[in-house]
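Student: Please see the structure below; I have some questions.
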Ligand SMILES: *Cc1c(COP(=O)(O)O)cnc(C)c1O
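In my numbering, the protein residues as written are 5 to 380.
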């Protein structure tokens with residue numbers, strides 16, 4: 005058995021006994037979830053409008069350090085709406101890292117644009133600004149490059165100053181895929197506030213959950229107003245007449261889900277403390293473990309550590325670790341299939357050299373990261 009397997013299994017079995025599975029990321033309901041959800045049922049406000057939606061938007065905007073938040077039915081819808089209000093559409097290219105969850109590229113495709121897949125920096129796991137600069141300077145391919153969507157992978161911030169600088173130089177918009185990074189900061193500024201638009205997900209496996217849900221965050225009042233309109237069927241406000249002045253989306257977050265979200269947001273500080281503590285515990289536990297290191301972001305990052313990641317020197321050890329830990333009841337997972345290798349986005353235009361992402365993908369494992377696993 006690998007030393008890393010032995011240490012990780014010992015740690016979890018000592019805490020949890022011999023039975024049961026340790027999930028990769030489980031939700032945690034220790035606040036006022038029952039009370040708020042019951043309130044929705046008692047009052048009948050369960051659907052697409054309600055006071056919890058407004059409150060949830062304000063809570064998330066405050067946590068992201070922006071003036072406005074617009075709730076959506078999931079994180080993919082948040083990304084789609086964000087790209088749409090920026091006018092991204094057919095003929096456009098949107099820079100996406102090849103190392104991301106498929107939703108980033110799917111959202112780009114829904115607008116009629118195409119993802120332009122780029123490599124990542126091993127130091128951040130996010131878009132490599134140096135390689136992107138060369139691509140933007142030399143781009144002779146078809147289509148206009150209209151936006152960059154940096155992804156804060158596993159909650160670790162991308163190098164946003166470098167990416168924003170590039171975007172400014174080349175006249176390109178930036179939308180943060182901050183879906184995994186609620187509570188993370190970059191140089192003291194919150195993820196979700198580092199570009200014109202930020203996006204979040206509150207799926208069951210994310211930092212906190214509404215069952216399913218999402219949010220777009222921004223400081224731009226006009227964009228916030230456009231987003232609200234577009235995600236609520238573009239209905240012209242009136243007490244009873246129905247009129248819609250463009251083809252909008254039904255991307256509204258139900259009040260029932262927002263109620264859960266309000267209760268979860270009240271615990272964000274505790275989740276953050278627990279997740280930062282767990283990251284430290286893992287770093288110590290696996291320190292000096294031969295052949296592997298726990299990923300640690302650069303000093304500019306204060307990561308929420310949504311998912312902790314271990315990098316093995318040897319891909320064969322990574323595969324053995326996956327087998328051994330899963331056999332022992334620990335849910336560990338390799339990272340996503342790289343976008344340029346998927347059936348969904350394999351034909352997308354791409355940077356020739358995606359070697360850093362390929363190297364990381366062969367050596368990385370995510371390990372159990374639920375807030376319940378440690379005391380803060
Ligand atoms: C979860 C996630 C999304 C999409 O969120 P959903 O709520 O599942 O639609 C988008 N991008 C990344 C990187 C994610 O991890």
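For every residue, glycine included, the Cβ atom is placed at its ideal position computed from N, Cα and C.
Because the structure is a prediction, the values reported are computed rather than measured.
(1) On the DSSP bridge assignment, give the partners of residue 120 in chain order.
(2) Any chance the CB of residue 1 is under 8 Å from a heavy atom of ligand 1?
(3) Need the endpoints of the beta strand (DSSP E) that residue 74 sits in, please.
(4) Output the distance between the C-alpha atoms of residue 44 and residue 213, rounded to the nearest integer angstrom.
(5) Identify whether residue 212 lies in helix, strand or coil by the three-state DSSP scheme.
(6) Assign residue 243 to one of three DSSP states: helix, strand, or coil.
(7) Based on Cα-Cα distance, which residue from 160, 230, 18, 266 lies nearest to residue 104?
(8) I'd like to confirm something about residue 81: is its beta-carbon nearer than 8 Å to some heavy atom of ligand 1, or not?
(9) How big is the Cα-Cα spacing for residue 265 and residue 193?
(10) Less than 9 Å between the beta carbons of residue 360 and residue 50, yes or no?
(11) Would you kindly work out how many angstroms separate the C-alpha atoms of residue 348 and residue 18, rounded to a whole number?
(12) Within the chosen definition, does the region 169-184 reach the region 146-158 through at least 3 CB pairs nearer than 8 Å?
(13) Give the single residue among 109, 25, 271, 42 whose Cα lies nearest to the Cα of residue 345.
(14) Under a Cβ-count criterion, where at least 16 other Cβ atoms within 10 Å of its own Cβ denotes burial, should residue 268 be classed as buried or exposed?
(15) Just tell me which of 309, 307, 338 has its CA closest to the CA of residue 322.
(16) Identify the continuous alpha helix (DSSP H) that holds residue 57 and give its terminal residues.
(17) Per DSSP, what are the beta-bridge partners of residue 180 in this structure?
(18) Give me the Cα-Cα distance between residue 12 and residue 371, rounded to the nearest whole angstrom.
(19) Using only the heavy atoms of ligand 1, determine whether one of them is closer than 8 Å to the beta carbon of residue 78.
(20) Quick check: does the Cβ of residue 253 come within less than 8 Å of any heavy atom belonging to ligand 1?
(21) Are there 16 or more other CB atoms within 10 angstroms of the CB of residue 46, so buried, or fewer, so exposed?
(22) Quick one: give me the first and last residue of the beta strand (DSSP E) that residue 228 is part of.
(23) Helix, strand or coil: which one does DSSP assign to residue 338?
(24) Grouping DSSP H, G and I as helix and E and B as strand, with all else coil, what is residue 251?
(25) Tell me which residues share the same chain as residue 62 and place their Cβ nearer than 8 Å to its Cβ, disregarding the 5 neighbours each side in the sequence.
(26) Report yes if the CB atom of residue 257 is closer than 9 Å to the CB atom of residue 208, and no otherwise.
(27) Would you mind listing the beta strand (DSSP E) stretches within the region 290-368 that are 3+ residues and don't spill past its ends, in chain order?
(28) Taking residue 151 as part of the beta strand (DSSP E), name the residues at either end of that continuous run.
(29) For ligand 1, is there any heavy atom lying closer than 8 Å to the beta carbon of residue 107?
(30) Among all the DSSP beta bridges, which residues are the ones paired with residue 219?
(31) What would DSSP say about residue 144, mapped onto helix, strand or coil?
(32) Report yes if the C-beta distance between residue 191 and residue 165 is below 9 Å; otherwise report no.
(33) With DSSP run on the structure shown, which of helix, strand or coil describes residue 278?
(34) Cβ atoms of residue 98 and residue 115: under 9 Å apart, would you say?
(35) Following the continuous alpha helix (DSSP H) through residue 43, name the residue where it begins and the one where it ends.
(36) Is residue 205 near ligand 1 - that is, is its Cβ less than 8 Å away from at least one heavy atom of it?
Tutor: The relevant details are as follows:
(1) 99
(2) In the structure as shown, the chain starts at 5 and stops at 380, and residue 1 therefore has no counterpart that could be examined.
(3) 72-76
(4) 17 Å
(5) coil
(6) coil
(7) 160
(8) yes
(9) 23 Å
(10) no
(11) 42 Å
(12) yes
(13) 109
(14) buried
(15) 338
(16) 55-68
(17) 202
(18) 9 Å
(19) yes
(20) no
(21) exposed
(22) First-last for residue 228: 225-235, but that is the alpha helix (DSSP H), not the beta strand (DSSP E).
(23) strand
(24) coil
(25) 73
(26) no
(27) 296-298, 312-316
(28) 148-152
(29) yes
(30) 75, 204
(31) coil
(32) yes
(33) helix
(34) yes
(35) 37-47
(36) yes
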